[in-house]
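Q:
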Amino acid sequence: MRYLIVDTNCFLRIYHSPLRPFLGAEVGGYKVVTLKSLIDEFLQSERLMADYAWLQQDLAREMAEAYSINSSNEDEEDIKAELSQLRPWANKLLENYCQQQQTTLRQLSRRDALLLATAAVFEGTIASDEWPLKLVVEELIRGGDDYQIEIVTSIHVLHILEANGHISSDDRRSTVRSWLLYDEKLPRGWRETYQELFNEQPPQLQ
47 MRYLIVDTNC
57 FLRIYHSPLR
67 PFLGAEVGGY
77 KVVTLKSLID
87 EFLQSERLMA
97 DYAWLQQDLA
107 REMAEAYSIN
117 SSNEDEEDIK
127 AELSQLRPWA
137 NKLLENYCQQ
147 QQTTLRQLSR
157 RDALLLATAA
167 VFEGTIASDE
177 WPLKLVVEEL
187 IRGGDDYQIE
197 IVTSIHVLHI
207 LEANGHISSD
217 DRRSTVRSWL
227 LYDEKLPRGW
237 RETYQELFNE
247 QPPQLQ
């Protein structure tokens with residue numbers, strides 16, 4: 047069973063659905079986990095705690111379980127080694143890309159880089175809506191260095207959950223409507239992805 051390692055934003059978006067709990071679930075050949083550093087990111091963010099105040103009671107219960115990867119000392123050393131190599135490489139890649147696109151410079155935070163390094167060591171799938179991380183993963187895979195990493199969006203996670211009976215189609219639609227209502231910053235091209243995966247037009251606010 048592979049790990050589906052969700053970042054903070056993806057976790058919070060799935061939590062708009064009625065699925066309880068999400069972390070620790072086994073679905074479609076994946077075990078859903080996150081990193082302790084990402085849990086800490088939520089708990090230490092005044093903005094996130096304020097934006098998701100309506101979830102705090104449920105989140106406190108979910109976070110208390112701290113569903114993270116059980117890693118050995120050897121795994122931790124491997125993650126550190128990957129982190130030291132991947133983060134500088136990724137940030138140089140993003141610098142070049144942003145210069146070519148004449149857009150604002152983006153870099154991987156240490157938490158995002160740690161997520162990437164962990165996925166590299168455990169050959170896991172990352173669930174994230176962050177386009178810089180997606181760009182880095184796709185380039186890493188194209189590089190031919192035998193990295194067995196995948197990256198999916200929150201829309202793909204909904205598809206996995208529905209396909210394996212964890213949520214219904216109505217749950218999925220109401221979840222996406224909730225994202226729109228709360229003005230979640232969804233990934234680029236999410237409407238096209240939604241239509242491709244579910245063969246229907248995405249929900250919209252009336």
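Following our numbering, the numbering of the sequence shown begins with 47 at its first residue and continues without gaps.
By construction, the Cβ of each residue, glycine as well, lies at the ideal position given by its N, Cα and C atoms.
For clarity, every value in this text was computed on a predicted model and none was experimentally measured.
(1) What separation, rounded to the nearest whole angstrom, lies between the Cα atoms of E141 and R133?
(2) Which term fits A159, buried or exposed, when burial requires 16 or more other beta carbons within 10 angstroms of its beta carbon?
(3) Among A163, Q148, L204, L129, which one has its Cα closest to the Cα of G74?
(4) Starting from the Cα of L243, find the closest Cα among Q146, R223, R219, I201 and give me that residue.
(5) Does L214 pass the burial test, meaning 16 or more other C-beta atoms within 10 Å, or should it be called exposed?
(6) Return the chain-ordered ranges of every alpha helix (DSSP H) run that is complete within the region 100 to 170 and spans a minimum of 4 residues.
(7) Would you mind sorting R59 into buried or exposed? The rule is 16 or more other CB atoms within 10 Å of its CB.
(8) Using the C-alpha atoms, what's the distance from L151 back to K82?
A: If we stick to the structure as given:
(1) Counted from its first residue, the sequence shown places residue 141 at position 95. Counted from its first residue, the sequence shown places residue 133 at position 87. Roughly 12 Å separates the two Cα atoms.
(2) Here the question's residue 159 lines up with position 113 in the sequence shown. Counting other Cβ atoms within 10 Å of its Cβ, A159 reaches 16 or more and is therefore classed as buried.
(3) Position 28 of the sequence shown, counted from the start, is the residue given in the question as residue 74. Ranking the options by Cα distance to G74, first place goes to L204.
(4) What you label residue 243 is simply residue 197 of the sequence shown in a count that begins at 1. That would be I201, whose Cα lies nearest to the Cα of L243.
(5) Translated into the one-based positions of the sequence shown, residue 214 becomes position 168. A small correction: the amino acid at residue 214 is Ser; Leu does not occupy that position in the sequence shown. Flag for S214 reads exposed.
(6) Listed in chain order, the complete alpha helix (DSSP H) runs (minimum 4 residues) inside the region 100 to 170 are 102 to 111, 119 to 147, 156 to 168.
(7) In the sequence shown, residue 59 corresponds to position 13, counting from 1. So R59 ends up on the buried side.
(8) Sequence index remark: in the sequence shown, residue 82 carries index 36 (1-based). Sequence index remark: in the sequence shown, residue 151 carries index 105 (1-based). Just so you know, the alpha carbons of K82 and L151 end up roughly 27 Å apart.
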